[in-house]
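The structure appears right after this line, and notes come after that.
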Amino acid sequence: MTTAEKVSGAVRPAVAARPATRARGRAERSRGASVALHATLVAACLVALFPIAFILLVSIRGESGWTAPLEMTGFTLSNYAHVLGDTEFLTWMLNSIAIAGGTMLVGVLISASAGYALSRMRFPGHAPLMWTFLVCQMFPVAVLIVPLYNILGALGLLDSHGGLILTYCSVSVPFCAWMLKGYFDTIPTEIDESGRVDGLTPFGTFWRLIMPLARPGLAVTAFYTFLTAWGEVAFASQFMSSETKYTLAVGLQTFVGPHRAEWGLLTASSVLIMVPAGLLFFFAQRHLVAGLTAGGTKG
Amino acid sequence: MSTLTARTGRSFTTHWYAWAMVLPVVVVLAVLVGYPLGRGVYLSFTDADEVNIGRTIGDFSVPATYQFVGLDNYWNILSGQEGSFYPRLMWTAVWTASCVFLHYTIGLGLALLLNRPMRGRSLYRVLLILPWSVPAFVAAFAWKLMYNTDNGVFNELLGKIGMGPVDWLGDPFVQKLSVIAVNTWLGVPFMMLAILGGLQSIPRELHEAAEMDGATPWQRFWSVTMPGLRPVSSTIVLLGTIWTFNMFPVIYLVIGQAGGTESEILVTYAYRLAFQGVRDYAGSAAYGIVILSLLLVFSVFYRGMLKRQEAAK
């Protein structure tokens, strides 16, 4: 049992003791329970934040700041200047954005209609298709990487954005279809019926009525797809061989390897990667929860 | 035969709409997954490696000379001759079980806490999901730096309280604990958010009714909260298991490159087979198929188990 649960166990009796002390509302707790609750959450937050804060600290302490992690001296932004000025970091960033963005667009556009059909229509092939989507989530990199490497090589698509986007679509298309099917399930079927009464074709219903309503679900699905492609390491490391084509996941590996330990560069670029992502999460988090419970749980 | 055509014709007229709508996905899957998978299966029955696979260098093409060897690759792996399958499998199972267990219990605990009305709730929630916004490769490097034996922050902190340095990434056992910690840090926010969503969908009246009937908090947790979370839990545990089993970046970036083959899971091992030393394409493909089959068997059993539990109620 985790500490968190122990504490929650300790908190609950206080709530249950409500009838005895009528003055205290249902949601209120004794002072001790409150302290325990907040202490646990603060501790959990510290654990969650520590690595991020640590990276930030190391990144602003110059080239060799990482060798003395606990010292609080020598603050400088030289690592950032170095990363932005002397490395291909910005190129990698653009590559990553292009590839993850492309994967996201293709994935959502191709799979939306399938998600709708799976949600609203019963047809031969329904169950096998759902199973295929699930099985596609199970593919270990090792199954597809060798054949795809050979096929893309034969087509001359290795070391190109298009090739990597195609590769990522093998995961993102089934994932999007599965997520979107779950989201469409939460939209009441009365809306479809009203569309049909008004003389819309099933595709018209999907396109004119359901798609606009499904915007939050589409956004969440797109976001997850983007994240998956953004953080992918295995395929990108093998398929992209010239430095100007690297994605961030590959480029960062060149900073720290068997013969090199540029932790200053690595931490500075990590911060530059984390800041936009963190901001996005900050603003999107409410929708993320809603999307998860709508889409992710109704397999 | 004619009845069959008639039946197909009839089902086509009723279902062509649905089929047309799923067609793009089916085509993409056939081209991008089906065809490579078929080739992968075929390769796993051959002795293809870097040397004998066909290649085109400029205008010059080298024909493929690899041969069909039947089940040799699979026999090699499953009989234990090749020597690394069973140890890898054991560790992969331990890795998956402990990561998913930690993800789920910690995620559940935090979600239960966050589900109460209190001050600063949304701030806590934002802070707790931050690790999720960190891409796995960034997190892997961050932890690798913190684990550094001579200059890592953990050993510096241990030194401050007078304890000797720990070889976080060198010792095979500690190495394993270290990667589990990294993956736990990364995976808890997702579970926490999903469970939080599940908790909020449990009708409040159920809790109130149980309270009226005099159920203790512990009883309420087991007979209201946990059953209410079932749909969420079953999905995220299955997904979590699959994702952790195939977790590539954490293992590969934190220890894989240091040559710590001891703590490699099946996936990173198969990857290494394909792309390091003399590239053993066939062996790697066979490994891939074995991993996929393991996961398939697991999900079928898992789903079956859920169905049986459902029926027993």
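Protein chains in written order, with the numbering used here: chain A, 1408 to 1706; chain B, 888 to 1200.
Using N, Cα and C, we set each Cβ at its ideal position, and we do this for glycine too.
- Residue contact with chain A for Ser1171 (chain B): present (Cβ-Cβ distance below 8 Å to some residue of chain A).
- In this structure, the straight-line span from the alpha carbon of Val1124 (chain B) to that of Phe1591 (chain A) is close to 23 Å.
- Interface with chain A (8 Å Cβ-Cβ cutoff): Gly1039 (chain B) is included.
- Comparing C-alpha distances from Trp1538 (chain A) to each of A:Gly1624, A:Ile1517, A:Phe1582, A:Leu1559 shows the shortest one belongs to A:Phe1582.
- For chain A, the residues of the segment 1169-1194 of chain B that bring a beta carbon within less than 8 Å of one of its beta carbons are Ser1171, Ala1172, Tyr1174, Gly1175, Ile1176, Ile1178, Leu1179, Leu1182, Leu1183, Ser1186, in chain order.
- Pro911 (chain B) reaches chain A at Leu1516, Ile1517, Ser1518, Ser1520, Ala1521, Val1580, counting residues in chain order whose Cβ is nearer than 9 Å.
- Under the three-state reduction of DSSP, Gly1472 (chain A) is assigned to helix.
- Relative to Leu1541 (chain A), the option among B:Ala1198, B:Leu1183, B:Gly1191 whose CA is nearest is B:Leu1183.
- In this structure Val1678 (chain A) is in contact with Ser1466 (chain A), their Cβ atoms being roughly 5 Å apart against a cut-off of 8 Å.
- Of all alpha-carbon atoms in B:Trp978, B:Asn1070, B:Phe1135, the one lying nearest the alpha-carbon of Ala1455 (chain A) is that of B:Asn1070.
- Rounded to the nearest angstrom, the gap between the Cα atoms of Thr1632 (chain A) and Leu989 (chain B) is 25 Å.
- In the DSSP assignment, Asp1592 (chain A) falls within the alpha helix (DSSP H) that extends over 1568-1592.
- Across the structure, Ile1617 (chain A) and His902 (chain B) are spaced so that their CA atoms are roughly 20 Å apart.
- At the C-beta level, Ala1656 (chain A) and Thr1510 (chain A) stay beyond 8 Å of one another.
- Residue state for Phe1024 (chain B) is assigned as helix, using DSSP reduced to three classes.
- Ranked by Cα distance from Gly1602 (chain A), the options A:Ser1526, A:Leu1673, A:Thr1593, A:Thr1612 are led by A:Thr1612.
- Taking each of A:Phe1662, A:Ala1519, A:Thr1574, A:His1694 in turn and checking the Cα distance to Ala905 (chain B), the smallest one comes out for A:Ala1519.
- Bounds of any alpha helix (DSSP H) do not take in Trp1614 (chain A), whose DSSP letter is neither H nor E.
- Separation of Ser966 (chain B) and Phe955 (chain B) (C-alpha to C-alpha, rounded to the nearest whole angstrom) is 20 Å.
- Comparing alpha-carbon positions, the option among B:Ala907, B:Phe1162, B:Met1079 lying closest to Asn1002 (chain B) turns out to be B:Met1079.
- Cβ neighbours of Tyr1139 (chain B) within its own chain (closer than 6 Å, five residues either side excluded): Thr1155.
- With contact defined as three or more Cβ pairs closer than 8 Å, the segment 997-1014 of chain B and the segment 1082-1096 of chain B are in contact.
- In the DSSP assignment, Ala1668 (chain A) is bridged to A:Val1663.
- Per the C-alpha coordinates, the member of A:Phe1688, A:Thr1608, A:Leu1501, A:Ala1675 positioned closest to Tyr1487 (chain A) is A:Ala1675.
- For Lys1194 (chain B), the enclosing alpha helix (DSSP H) starts and ends at 1168-1199.
- Under a criterion of Cβ atoms nearer than 8 Å, the residues of chain B adjacent to Trp1637 (chain A) are, in order, Pro1022.
- If you compare the alpha carbons of A:Ser1644, A:His1533, A:Thr1480, A:Phe1457 with that of Phe1024 (chain B), the shortest gap goes to A:Ser1644.
- For Thr1483 (chain A), the three-state secondary structure derived from DSSP is strand.
- Within 8 Å of the CB of Leu1444 (chain A), the CB atoms of chain B belong to Leu1000, Arg1003, Met1005, in sequence order along the chain.
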